[in-house]
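Residues 1 to 208, numbered by our numbering, are exactly what the sequence shown covers, in order.
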Amino acid sequence: MRRFHQFRTTWVTANFIRHFDFNAKDKEYIFDNDQCVFGVDISVYPYFNKWEVLSIDKTVYGPKSWKLKKFSTLIKDFYMSDEFSIGGKKWALKVYPNGNGTGEGNSLSLYVILSGSQTLKPYEKVYVRAKLRVLDQKQSKHLEKPILTWFNTTGESAGFDQFVSFTDLQNPAKGFIVNDTLSVQVEFVATSSTNYYSISPAQFLSTF
């Protein structure tokens, strides 16, 4: 495949076929009283009219905490925190008190959610490096687990089915539940942002 542009308007293949093969009767390149047909396939592709630039944002935003009060009385499958903004996107924390997936019936499940109340641009992905925590409210020996992932769609989550076992969660010495209150947290270390720039045909051709 060859590409044409303002600085390359002609392509030549000097040794396309040997004379011996071209004139061979069994090949039938020449037929009906010394006739020959030449052809070419041309595909025209649309030029790019936008550039997409992905940047990694390492701004220090500070952790986002969420307290679940009267934890022992929570009966729903899961609970969602209020939305918060980090890196130009809306997020929320999601907790399954009785576990989810492999954690169902044995562990607390904790996730961070890319909120579904927003829309990503076509082909946009969001990179996240963060730390999820269940806070030790007595000695500050928090249980922390890192996440590093790409979000492809809104409403998508990242986290752990088995974030903390029920045994550790209910252990008073761990300090995870104090006065029937559980406190969870997420701290974003890095996120991505995608910027789009329009480009004219002339600008596009000038890149060659």
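We treat Cβ as the ideally placed atom computed from N, Cα and C, and that holds for glycine.
Under the assumption that Val-112 contacts Ser-157 (Cβ atoms under 8 Å), give the Cβ distance between them as a whole number of angstroms.
-> 7 Å
From what residue to what residue does the beta strand (DSSP E) around Thr-167 run?
-> Unbroken run through Thr-167 is the alpha helix (DSSP H), 166–169; no beta strand (DSSP E).
On the DSSP bridge assignment, give the partners of Pro-146 in chain order.
-> Lys-131
Exposed unless 16 or more other CB atoms sit within 10 angstroms - verdict on Leu-93 = buried
In angstroms, rounded to a whole number, what distance separates the CA positions of Gly-155 and Tyr-123?
-> 16 Å
Looking only at DSSP bridge pairs, what is Glu-187 linked to?
-> Lys-131
Among Phe-78, Lys-89 and Tyr-29, the one whose alpha carbon lies nearest that of Gln-118 = Lys-89
Whole angstroms is fine: what's the gap from Phe-151's alpha carbon to Asn-106's?
-> Distance from the CA of Phe-151 to the CA of Asn-106, rounded to the nearest whole angstrom, comes to 27 Å.
Verify whether the separation of the beta carbon atoms of Ser-115 and Glu-144 is less than 8 Å.
-> no
From Ile-30, Ile-17 and Ser-43, residue whose alpha carbon lies closest to that of Arg-3 = The residue with the shortest Cα to Cα distance from Arg-3 is Ser-43.
Distance CB(Leu-169)-CB(Phe-160) smaller than 8 Å = no
State whether the stretch 187–195 contacts the stretch 50–69, with contact taken as three or more CB pairs (one from each stretch) at a distance under 8 Å.
-> The stretch 187–195 vs the stretch 50–69: in contact.
Could you give the distance in angstroms between the alpha-carbon of Val-178 and the alpha-carbon of Gln-137?
-> 7 Å
Three-state secondary structure assigned by DSSP to Ala-14 | Judged by DSSP in its simplified three-state form, Ala-14 adopts coil rather than helix or strand.
Secondary structure at Gly-159, three-state DSSP: helix, strand or coil?
-> strand
Can you tell me which of the three DSSP states Ala-92 falls into?
-> strand
With a Cβ-Cβ cutoff of 8 Å, do Asp-180 and Lys-69 count as a contact?
-> Contact: yes.
Leaving out the 5 sequence neighbours to the left and right, which residues in its chain are closer than 8 Å to His-142 when beta-carbon positions are compared?
-> Apart from the 5 residues on each side of it in sequence, His-142 sits with its Cβ closer than 8 Å to the Cβ of Arg-133, Val-134, Leu-135, Asp-136 and Gln-185 in its chain, given in chain order.
Between the Cα of Arg-129 and those of Trp-11, Ile-86 and Thr-167, spot the shortest distance and give me the residue it belongs to.
-> Ile-86
Buried versus exposed call for Trp-91 [16 or more other C-beta atoms within 10 Å across all chains shown] | buried
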